[in-house]
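To start, the structure itself, in structure tokens.
Residue numbers (the working numbering), protein chains in the order written: chain A, 163 to 437; chain B, 1112 to 1418.
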């Protein structure tokens, strides 16, 4: 679906030094969107005809409100595209393709463990909401740079969910000092639950997702990971954003992050290949 | 006022309108249907096929540049057999003309591909990508040597009963020489232009952005080069031209037709605006209406006439 979304809210998220922005857009995308899906957004206001930057930017859905016809995008300003997007004014109109890709799947019962690194937290929030509304138990493992980052990136909304949070920071300013994987191992060690009752979903830096996937595969916890790659068309036509997976026969195959993903089963992903 | 006649015929190909999509930007025709109905397009050019399956290049395969896009996908495709078995049956049913695009690394590759793809396959034409390196001849590109280009086109032409379109590379000193060569080889039409070779370096990581180092530049950035080449080839060679290279708006499309393109093809423009073909077609139609032109064909080469 190609739509024009009106900017309802566009503001800094938390401490400005983290360059995080919250963009709420009005439009029909929310009606069919699922957690883990994304939109391809044109960074210039659609009233301006400009081809520089040329491509749309893929941004995951951080909140989906079908009753208000609103989607929320949370993003970090870290390049020319997002710098221009950051100037979009409330009341302005942006061209959006989406919802795109395949999101996370939800188990029928049991515990869902969410694992986030940095801004990888953003697409996990709507997943947590869906899981909780389905009556699942949810835990969050989240690692970030420091306390200020975690607070800026929405820690308070997670606290409001009343679920167990296992936080890690690189400097130890909040939660445990170190990596998110250490927290997961600690919890697995203390678990009375059998691992067959746990499902995991991860989003964050590739190295983190790889480490988390390895832990989960070892204890036979099914895990889904959300991959990232530079995208061209965002619909599977240009083959710009392929990743390597192992198929049922054990052969290496290419899948399109935009269309087949961005969410894949952790055990399928070949992490060490750039393609 | 009579409606503008949008249909066009050239090289034995009949299209309901002159709008095509470029190879490698439109998959095998299924990806964009929810944005742009295939019924609205004159035709689509399919993803390039090679004799054997190819996984293509490592990622990153894409790098954005000012008003442009570098790509180094590396001809990832399912290979000829899989193309025929799994894709052609679906392609036959598409409600638009389908042009296959073939690529090879030797003359024999092209011969094999052309032999397998005939009129009864349901395709409208064969577009021959001659930009690949000729592995047998030390990696020299078929697309930059007139003699090799002529030989490839002649070999393809001898094997297939489909109209043959030669897709020319702009990475040459003399595009007219290349166009004349493929005409001698028997090409029925010419696609102009393929991507321009380029690269982009990440100055913070101090290394090339593309895993392949070099890539093909497309998008509005290359449009003036493409228009110039269409203009030159139109003057020198009596073959229909499919113009492409950065077409994103209807004004771009009209410019190519005025320069001499009989049909026009949208590639990277689809990524920017998946409804670009619809908007471009509407714009061309209105442009003709405003000027009292009965047919889009009346636009072709109009800018060459001395006023």
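Note that the Cβ used here is the ideal one computed from N, Cα and C, for glycine as well.
For residue 1199(B), there is no enclosing beta strand (DSSP E); the residue is found in the alpha helix (DSSP H) stretching over 1199–1203. Going by DSSP, residue 273(A) is part of no alpha helix (DSSP H) but of the beta strand (DSSP E) stretching over 273–279. Residue 220(A) and residue 1266(B) have their C-alpha atoms spaced approximately 44 Å apart. Contact annotation: residue 315(A) and residue 283(A) have beta-carbon atoms nearer than 7 Å.
For a Cβ distance threshold of 8 Å, nothing in chain A lies close to residue 1203(B): the least Cβ distance comes to about 20 Å. Take the alpha-carbon of residue 297(A) and the one of residue 306(A): they are about 28 Å apart.
Between the alpha carbons of residue 294(A) and residue 280(A) lies a distance of about 22 Å. Taking a contact to require three or more Cβ pairs closer than 8 Å, the segment 1387–1405 of chain B and the segment 1329–1343 of chain B do not qualify as touching. Within the model, the alpha-carbon separation for residue 1383(B) versus residue 201(A) is close to 13 Å. Straight across, the Cα-Cα distance linking residue 363(A) with residue 268(A) is about 9 Å. Annotation: residue 406(A) to residue 1295(B) spans about 43 Å, alpha carbon to alpha carbon.
One alpha carbon belongs to residue 261(A), the other to residue 189(A), and they sit about 11 Å apart. Under the three-state reduction of DSSP, residue 1226(B) is assigned to helix. In this structure, residue 375(A) sits near residue 387(A), with a CB-CB distance shorter than 7 Å. Residue burial is scored here from C-beta neighbours: residue 1198(B) has at least 16 other C-beta atoms within 10 angstroms and is therefore classed as buried.
About 20 Å separates the beta carbons of residue 199(A) and residue 243(A), which is beyond the 8 Å limit, so they are not a contact pair. Residues of chain B with a Cβ closer than 7 Å to the Cβ of residue 164(A) are, in chain order, 1146, 1385, 1386. Here the alpha carbons of residue 270(A) and residue 1150(B) stand approximately 42 Å from one another. Our two residues, residue 257(A) and residue 240(A), have alpha carbons roughly 20 Å apart in a direct line. Those residues of the segment 188–215 of chain A placed with their C-beta closer than 7 Å to a C-beta in chain B are 213, 214, 215, ordered along the chain.
Residue 183(A) is classed as buried because its beta carbon has at least 16 other beta carbons within 10 Å across all chains shown. Taking 7 Å as the CB threshold, residue 1336(B) stays off the interface with chain A. From the listed residues 390(A), 416(A), 359(A), 167(A), the smallest Cα separation to residue 272(A) is found for 359(A).
Residue nearest to residue 378(A) within the set 427(A), 414(A), 403(A) is 427(A) (criterion: CA-CA distance).
What residue 391(A) touches in chain B, judged by beta-carbon distance under 9 Å, is 1170, 1171, 1172, 1173, going in chain order. Apart from sequence neighbours up to five positions away, the residues of its chain that approach residue 1318(B) with a beta-carbon distance below 8 Å are 1312, ordered along the chain.
Residue 368(A) and residue 433(A) do touch by the CB rule: their CB atoms are close to 7 Å apart, below 8 Å.
Inter-residue distance for residue 1281(B) and residue 1413(B) is about 23 Å (C-alpha atoms, whole angstroms). Taking the beta carbon of residue 373(A) as reference, no residue of chain B falls within 9 Å; the closest one sits roughly 21 Å away.
Taking 8 Å as the upper bound for CB-CB distance, residue 233(A) and residue 223(A) are in contact here, some 6 Å apart.
Separation of residue 1128(B) and residue 238(A) (C-alpha to C-alpha, rounded to the nearest whole angstrom) is 43 Å.
Within the DSSP secondary-structure output, residue 1188(B) pairs in a beta bridge with 1165(B). Counting only runs of 4+ residues, the alpha helix (DSSP H) found wholly inside the segment 1262–1319 of chain B occupies 1286–1295, in chain order.
Spatial neighbours of residue 1189(B) in its own chain (CB-CB distance under 6 Å, excluding positions within 5 residues in sequence) are listed in chain order as 1164. At a cut-off of 7 Å, the C-beta of residue 256(A) has no neighbouring C-beta in chain B. Counting only runs of 3 or more residues that sit fully inside the segment 341–400 of chain A, the beta strand (DSSP E) segments are 360–365, 385–388, in chain order.
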